[in-house]
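Peer 1:
There are 2 protein chains.
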Amino acid sequence: MNTRIYNARILTLDGETDVIQGEICIEGDTITYVGSGEDAPQALLWDCEIDAENNLILPGFKNAHTHSAMTFLRSFADDLPLLEWLNTRVFPMEAHLKPEHILWFSKLAIMEYLTSGITANFDMYFFPEQIAQASIETGFRTVMVSGLNNYGGSVEELEENYLKFNDYHDLISYQLGIHAEYTCSDDLMKSVAQLAYKHSAPVYMHLAETEQEVRECQERHDGLGPVKYFDSIGMFDYGGGGFHCVHLDEEDIEIFKAHDLYAVTNPASNLKLASGICHTADLLAADIPMAIGTDGPASNNCLDFFREMFLVTGLGKIREMDAAAVPAEAVLKMAAADGARAMGLHDCDCLAPGKKADLIMIDMKQPNMQPEHNIVKNLVYSGSKQNVKMTMVGGKVLYKDGKFDIGIDPEEVYAKANEMVRRDF
Amino acid sequence: MNTRIYNARILTLDGETDVIQGEICIEGDTITYVGSGEDAPQALLWDCEIDAENNLILPGFKNAHTHSAMTFLRSFADDLPLLEWLNTRVFPMEAHLKPEHILWFSKLAIMEYLTSGITANFDMYFFPEQIAQASIETGFRTVMVSGLNNYGGSVEELEENYLKFNDYHDLISYQLGIHAEYTCSDDLMKSVAQLAYKHSAPVYMHLAETEQEVRECQERHDGLGPVKYFDSIGMFDYGGGGFHCVHLDEEDIEIFKAHDLYAVTNPASNLKLASGICHTADLLAADIPMAIGTDGPASNNCLDFFREMFLVTGLGKIREMDAAAVPAEAVLKMAAADGARAMGLHDCDCLAPGKKADLIMIDMKQPNMQPEHNIVKNLVYSGSKQNVKMTMVGGKVLYKDGKFDIGIDPEEVYAKANEMVRRDF
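Chains as they are written, first to last, in the numbering used here: chain H, 25 to 449; chain D, 25 to 449.
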């Protein structure tokens with residue numbers, strides 16, 4: 025499948041945030057040309073030519089922390105205190121989850137990702153086989169990360185999954201991870217650190233999400249909060265990163281810097297569960313690479329990267345009480361470029377020859393994108409799902425003009441999801 | 025024009041937030057029936073019958089504070105400190121505004137309102153004649169409010185506009201207002217209070233938006249902040265309300281209560297300009313009626329009520345560090361019902377016989393609305409512009425399935441807006 029997208033404005037994110045006029049050529053799942061079109065490869069017999077009608081093409085957004093199949097708990101339990109929410113609603117429901125559920129609820133999440141211009145997710149949830157199946161069947165790109173903890177999984181299983189799913193399918197990869205410090209024994213965490221050493225692999229986990237988590241970790245580990253504790257056992261010797269990263273101190277930031285760790289911020293979830301506001305401006309000032317995640321749909325409740333992008337900048341500004349903090353350009357780089365790098369997708373970060381054709385088209389002919397003083401600011405401050413005209417993953421159009429091309433009728437997914445939540449939970 | 029909408033789920037907001045199954049009948053601009061359909065009026069010759077396909081119908085959102093025509097400054101100057109933004113970018117540009125600009129930039133804003141399910145706005149800006157013209161020509165409902173201050177307008181002109189535009193057109197009304205305490209002399213404010221007395225009219229203004237505003241008002245007025253100062257001169261003797269209301273103390277809240285004042289919160293703008301976070305939970309606990317506004321598109325930058333609704337609850341929760349604070353049902357009532365009352369539109373607050381047919385249809389067959397555990401939570405926490413399937417004002421469909429019916433080609437509005445910003449500013 026060879027595709028040419030012409031008559032486009034293109035934000036390559038290959039370096040700066042300038043917009044160029046031109047075209048993109050794609051062979052299979054890979055970009056072969058980005059430029060004005062004058063020096064484009066001689067016309068192949070294109071399978072597909074897409075007139076962008078002067079709309080904007082840019083790399084897709086990377087949802088760098090989520091629990092996709094938690095769509096089954098969307099709007100099931102909101103406006104509750106955190107512990108009541110977790111202990112009386114989330115955990116008891118999750119106990120009923122079976123592999124088949126994960127397949128369908130993940131597909132529902134993938135559909136929502138596509139409507140929001142998200143082209144890859146970093147998914148921590150149960151039943152990796154079905155997570156992978158949902159992505160492969162729909163054509164979506166997923167990096168799985170283990171949520172190993174005291175109550176489920178083993179280091180042996182983790183290694184098995186790591187080896188299996190990194191040699192499984194073009195759209196699938198797998199990273200080492202644990203759920204969090206507060207759900208893992210010291211022995212378990214040390215074993216994962218050894219595994220990371222064995223495979224020279226990065227490790228990811230929920231990290232410094234709440235004050236309580238940091239305080240209780242300090243009590244358990246001679247005054248060390250979770251970042252310092254993980255550092256002390258060598259967990260980050262081959263990099264990795266943390267999800268949430270709300271409550272970091274200066275020493276934590278130094279550890280992030282020393283190990284090139286990624287801080288993945290989850291602003292909507294942190295608001296809705298009242299966890300706190302990430303120190304985004306401080307992290308950016310320290311040159312910590314950052315990414316953005318929606319977290320799971322039980323805690324957000326939606327999977328909307330435009331909401332997240334506005335929150336990253338808006339909360340960054342209010343935290344510093346400085347309207348100049350966390351500018352739009354920095355947010356867009358997190359969302360589309362550094363998000364890819366955070367999850368190990370180094371060939372999905374920008375639009376350039378040799379990179380994967382994971383890209384989106386933004387409808388500029390909508391009132392919220394007009395007038396066109398500054399396209400990046402329009403996108404980050406004003407954009408919405410309504411502007412997503414096309415979402416392409418690996419050279420294949422999965423969503424265009426409100427229609428899905430994912431091998432299944434959307435109505436079937438909705439019907440199945442509602443049937444399952446009524447019958448099984 | 026008589027319209028019947030059938031096969032609908034209906035959130036009337038007439039009292040509680042229950043969802044009923046049924047139909048709505050409309051004659052002219054007024055609702056004549058809401059119910060199961062069994063006792064509906066005998067079939068008239070309907071001009072229009074709309075199959076809602078089991079989607080959700082509810083009252084439109086009311087944008088209770090905006091400066092619509094500031095679309096011309098969208099993304100013109102972002103990520104700047106507040107004073108630099110105002111003094112070097114906003115005020116110099118506004119000095120070039122002419123009536124023709126207001127007509128076109130207001131139309132652009134109205135289009136965006138329609139995409140977001142907003143059916144009425146409370147608009148404070150220059151050139152009321154052209155604001156009204158934009159609304160009447162497109163079929164949109166606007167309540168204007170004066171932004172009188174030391175640098176423009178007079179009390180005589182205010183009274184003239186008040187009398188003129190409250191007897192002008194079904195879609196147009198006008199409320200007394202001043203810009204803010206910090207832009208008005210004592211004499212001017214006292215004259216407006218007298219005018220309010222003469223007409224038994226409520227008064228509105230920017231109120232307690234920033235800490236600096238409150239502090240400087242206290243210095244000018246013997247320790248009185250703006251709410252207490254306005255109270256002391258009788259400004260609120262016939263009600264009214266404030267825009268922003270970020271920095272209120274307990275005594276201020278008592279004054280709101282005593283005069284049945286409306287607090288209009290503008291969360292996106294307050295984040296982006298780093299003004300602070302509204303004490304929404306405290307205001308609700310004190311039974312202060314609240315409404316929501318986008319503020320102008322120069323400071324937001326978009327006019328998206330789904331973003332605002334999520335921010336009202338999310339920021340309310342984080343301010344209290346309580347995930348149970350400011351629940352979804354309260355936010356929806358602010359957005360659709362109390363918003364109408366705040367701006368004097370007492371016949372646009374809910375769906376019931378005798379009320380205006382200002383309503384929207386929400387597309388439930390989208391992944392972000394599934395599964396259907398709780399429709400109100402889905403709407404407030406998960407909804408987006410992409411879910412707005414239809415927006416009706418005064419019984420007339422102005423937006424449906426992504427197409428506008430507002431008497432002008434959208435492309436012409438975009439072209440004119442871009443031409444004007446390049447040529448005149």
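C-beta: ideal position from N, C-alpha, C; glycine also.
By Cβ distance, which residues of its chain are closer than 8 angstroms to Ala287 (chain H), with the 5 residues on each side in sequence left out?
Peer 2: One-based indexing of the first sequence puts residue 287 (chain H) at position 263. Once the five neighbours on either side are set aside, the close Cβ partners of Ala287 (chain H) are Gly265, Gly266, Cys269, Leu272, Phe280, Cys302, Leu307, Ile312, Pro313, Met314 and Ala315.
Peer 1: Leaving out five residues before and five after Ser408 (chain H) in sequence, what residues of the same chain have Cβ atoms less than 7 angstroms from its Cβ?
Peer 2: Residue mapping note: residue 408 (chain H) aligns to position 384 of the first sequence, counting from 1. The residues are Phe330 and Asn392.
Peer 1: I'd like the list of long-range same chain contacts for Ser256 (chain H), defined as Cβ closer than 7 angstroms, with 5 residues on each side in sequence excluded.
Peer 2: The residue labelled residue 256 (chain H) in the question sits at position 232 within the first sequence. Same-chain partners within the cutoff: Leu248.
Peer 1: Tell me the start and end of each unbroken beta strand (DSSP E) in the region 295-331 of chain H that is at least 3 residues and wholly inside, in chain order.
Peer 2: The region 295-331 of chain H contains these whole beta strand (DSSP E) runs: 314-316.
Peer 1: Taking only runs of the alpha helix (DSSP H) that begin and end inside the region 143-193 of chain D, which ones reach a length of at least 4 residues, in chain order?
Peer 2: Complete alpha helix (DSSP H) runs here, min 4: 152-162 and 179-189.
Peer 1: Is the Cβ of Trp128 (chain H) closer than 8 angstroms to any Cβ of chain D?
Peer 2: Your numbering for residue 128 (chain H) matches position 104 in the first sequence. With 8 angstroms as the cut-off, Trp128 (chain H) does not count as an interface residue toward chain D.
Peer 1: Quick one: using the 10 Å Cβ neighbour count with 16 as the cut-off for buried, is Arg98 (chain D) buried or exposed?
Peer 2: Reading the second sequence from its first residue, position 74 is the one you call residue 98 (chain D). Buried, since its Cβ has 16 or more Cβ neighbours within 10 Å.
Peer 1: Can you give me the Cβ contacts of Tyr262 (chain H) inside the same chain, cut-off strictly under 6 angstroms, excluding the 5 residues immediately before and after it?
Peer 2: Translated into the one-based positions of the first sequence, residue 262 (chain H) becomes position 238. Cβ neighbours of Tyr262 (chain H) beyond the five flanking positions: Ala220, Ser224, Ala225 and Pro226.
Peer 1: State the Cα-Cα distance for the pair Val216 (chain D) and Ile202 (chain D), rounded to the nearest angstrom.
Peer 2: For the purposes of this step, residue 216 (chain D) is identified with residue 192 of the second sequence, where counting begins at 1. For the purposes of this step, residue 202 (chain D) is identified with residue 178 of the second sequence, where counting begins at 1. Distance between the alpha carbons of Val216 (chain D) and Ile202 (chain D): 8 angstroms.
Peer 1: Buried or exposed: which applies to Tyr175 (chain H), given that a residue is buried once 16 or more other Cβ atoms fall within 10 Å of its Cβ?
Peer 2: Residue numbering aside, residue 175 (chain H) sits at position 151 when the first sequence is read from its first letter. Counting Cβ neighbours within 10 Å, Tyr175 (chain H) comes out exposed, since fewer than 16 surround it.
Peer 1: Report the CB separation of Ala292 (chain D) from Thr318 (chain D) in whole angstroms; it is logged as a contact under 8 angstroms.
Peer 2: Here residue 292 (chain D) corresponds to residue number 268 of the second sequence, with the count starting at 1. Here residue 318 (chain D) corresponds to residue number 294 of the second sequence, with the count starting at 1. Indeed, because the Cβ distance is near 7 angstroms, the residues count as touching under 8 angstroms.
Peer 1: Quick check on the DSSP output: the beta strand (DSSP E) that includes Gln218 (chain D) runs from which residue to which?
Peer 2: Your numbering for residue 218 (chain D) matches position 194 in the second sequence. No beta strand (DSSP E) holds Gln218 (chain D); the alpha helix (DSSP H) holding it covers Asp210 to His223.
Peer 1: Pairing CB atoms from the region 103-114 of chain D with CB atoms from the region 69-76 of chain D, are three or more of them under 8 angstroms?
Peer 2: No: fewer than three Cβ pairs fall under 8 angstroms.
Peer 1: If you run the structure through DSSP and keep just helix, strand and coil, what is His230 (chain H)?
Peer 2: The sequence position of residue 230 (chain H) within the first sequence is 206, counting from 1. In the structure shown, His230 (chain H) sits in a strand (DSSP, three-state: E or B).
Peer 1: In whole angstroms, what separates the C-alpha of Ile29 (chain H) from that of Cys49 (chain H)?
Peer 2: Taking the first sequence and counting its residues from 1, one reaches residue 29 (chain H) at position 5. Taking the first sequence and counting its residues from 1, one reaches residue 49 (chain H) at position 25. Computed Cα separation, rounded: 6 angstroms.
Peer 1: So, is Ala158 (chain D) buried or exposed, given that buried needs 16 or more other C-beta atoms within 10 angstroms?
Peer 2: The residue you call residue 158 (chain D) lines up with position 134 of the second sequence. So Ala158 (chain D) ends up on the buried side.
Peer 1: Pick from D:Ala93, D:Phe100, D:Met148 and D:Gly52: whose alpha carbon is nearest that of Leu126 (chain D)?
Peer 2: To locate residue 126 (chain D), count along the second sequence from 1; it is residue 102. Note that residue 126 (chain D) is Ile in the sequence shown here, rather than Leu. Nearest option by C-alpha distance: D:Ala93.
Peer 1: Within 8 angstroms, do at least three Cβ pairs link the region 176-193 of chain D to the region 115-130 of chain D?
Peer 2: Output reads no: the region 176-193 of chain D does not touch the region 115-130 of chain D.
Peer 1: Determine whether the Cβ of Val238 (chain D) lies closer than 8 angstroms to any Cβ atom of chain H.
Peer 2: Residue numbering aside, residue 238 (chain D) sits at position 214 when the second sequence is read from its first letter. For Val238 (chain D), the answer is no, since every Cβ of chain H falls outside 8 angstroms of its Cβ.
Peer 1: Measuring only the C-alpha atoms, how far is Ile430 (chain D) from Ile160 (chain D)?
Peer 2: Residue numbering aside, residue 430 (chain D) sits at position 406 when the second sequence is read from its first letter. Residue numbering aside, residue 160 (chain D) sits at position 136 when the second sequence is read from its first letter. Using only the alpha carbons, I get a separation of about 10 angstroms.
Peer 1: Considering only C-alpha positions, which residue in the set H:Asp425, H:Arg446, H:Val404 and H:Glu443 is nearest to Phe85 (chain H)?
Peer 2: As a first step, residue 85 (chain H) is located in the first sequence; it is residue number 61 there, counting from the start. Comparing Cα-Cα distances from Phe85 (chain H) to each of H:Asp425, H:Arg446, H:Val404 and H:Glu443, the minimum goes to H:Val404.
Peer 1: Do you know how far the Cα of Asp382 (chain D) is from the Cα of Asp448 (chain H)?
Peer 2: The residue labelled residue 448 (chain H) in the question sits at position 424 within the first sequence. The residue labelled residue 382 (chain D) in the question sits at position 358 within the second sequence. About 40 angstroms.
Peer 1: Let me check understanding here. Comparing Cα to Cα, which of H:Gly426, H:Gly418 and H:Asp211 lies closest to Thr162 (chain H)?
Peer 2: By one-based count along the first sequence, residue 162 (chain H) stands at place 138. Here the closest residue by C-alpha is H:Gly418.
Peer 1: If you check the beta carbons only, do Lys424 (chain D) and Lys413 (chain D) fall under 8 angstroms apart?
Peer 2: As a working note, residue 424 (chain D) is residue 400 in the second sequence. As a working note, residue 413 (chain D) is residue 389 in the second sequence. Going by C-beta atoms, Lys424 (chain D) is nearer than 8 angstroms to Lys413 (chain D).
Peer 1: Helix, strand or coil: which one does DSSP assign to Asn87 (chain H)?
Peer 2: As a first step, residue 87 (chain H) is located in the first sequence; it is residue number 63 there, counting from the start. Looking at Asn87 (chain H) - three-state DSSP - the assignment turns out to be strand.
Peer 1: For the alpha helix (DSSP H) containing Thr112 (chain H), list its first residue and its last residue.
Peer 2: For the purposes of this step, residue 112 (chain H) is taken as the residue at position 88 of the first sequence. Here Thr112 (chain H) belongs to no alpha helix (DSSP H), and DSSP marks it neither H nor E.
Peer 1: Hey, is Tyr405 (chain D)'s beta-carbon within less than 8 angstroms of any beta-carbon in chain H?
Peer 2: What you label residue 405 (chain D) is simply residue 381 of the second sequence in a count that begins at 1. True, the Cβ-Cβ gap to chain H drops below 8 angstroms.
Peer 1: Output yes or no for whether 8 angstroms exceeds the beta carbon distance between Leu375 (chain D) and Ile34 (chain D).
Peer 2: Mapped onto the second sequence, residue 375 (chain D) falls at position 351. Mapped onto the second sequence, residue 34 (chain D) falls at position 10. Cβ atoms of Leu375 (chain D) and Ile34 (chain D): closer than 8 angstroms.
Peer 1: Look at the Cβ atom of Asn325 (chain D), then the Cβ atom of Lys401 (chain H), and state whether they are nearer than 8 angstroms.
Peer 2: Within the second sequence, numbered from 1, the residue matching residue 325 (chain D) stands at position 301. Within the first sequence, numbered from 1, the residue matching residue 401 (chain H) stands at position 377. Yes, the Cβ-Cβ distance between Asn325 (chain D) and Lys401 (chain H) is below 8 angstroms.
Peer 1: In chain order, what residues of the same chain lie with their CB nearer than 6 angstroms to the CB of Ala360 (chain H), ignoring the 5 residues before and after it?
Peer 2: Counting from 1 along the first sequence, the entry for residue 360 (chain H) is found at position 336. Taken in chain order, the residues that qualify are Leu37, Pro83 and Phe85.
Peer 1: Buried or exposed for Gln390 (chain H), going by 16 or more other Cβ atoms inside 10 Å?
Peer 2: Sequence index remark: in the first sequence, residue 390 (chain H) carries index 366 (1-based). It counts as buried.
Peer 1: Lys346 (chain H) touches chain D at which residues, Cβ-Cβ below 8 angstroms?
Peer 2: Against the first sequence, residue 346 (chain H) aligns to sequence position 322. The residue asked about is misnamed: residue 346 (chain H) is Asp in this sequence, not Lys. Under the 8 angstroms cutoff, chain D gives Pro105 and Ala298.
Peer 1: What does Ala352 (chain D) touch in chain H if you count any residue whose Cβ is under 9 angstroms from its own?
Peer 2: Residue mapping note: residue 352 (chain D) aligns to position 328 of the second sequence, counting from 1. Near Ala352 (chain D) (Cβ distances below 9 angstroms), the residues of chain H are Ser99, Asp102 and Asp103.
Peer 1: Are the beta-carbon atoms of Asp71 (chain D) and Met25 (chain D) separated by less than 8 angstroms?
Peer 2: Walking along the second sequence from the start, residue 71 (chain D) turns up at place 47. Walking along the second sequence from the start, residue 25 (chain D) turns up at place 1. For Asp71 (chain D) and Met25 (chain D), yes; Cβs fall inside 8 angstroms.
Peer 1: Using only the alpha-carbon positions, how far apart do Glu435 (chain D) and Glu40 (chain H) sit?
Peer 2: Mapped onto the second sequence, residue 435 (chain D) falls at position 411. Mapped onto the first sequence, residue 40 (chain H) falls at position 16. About 30 angstroms.
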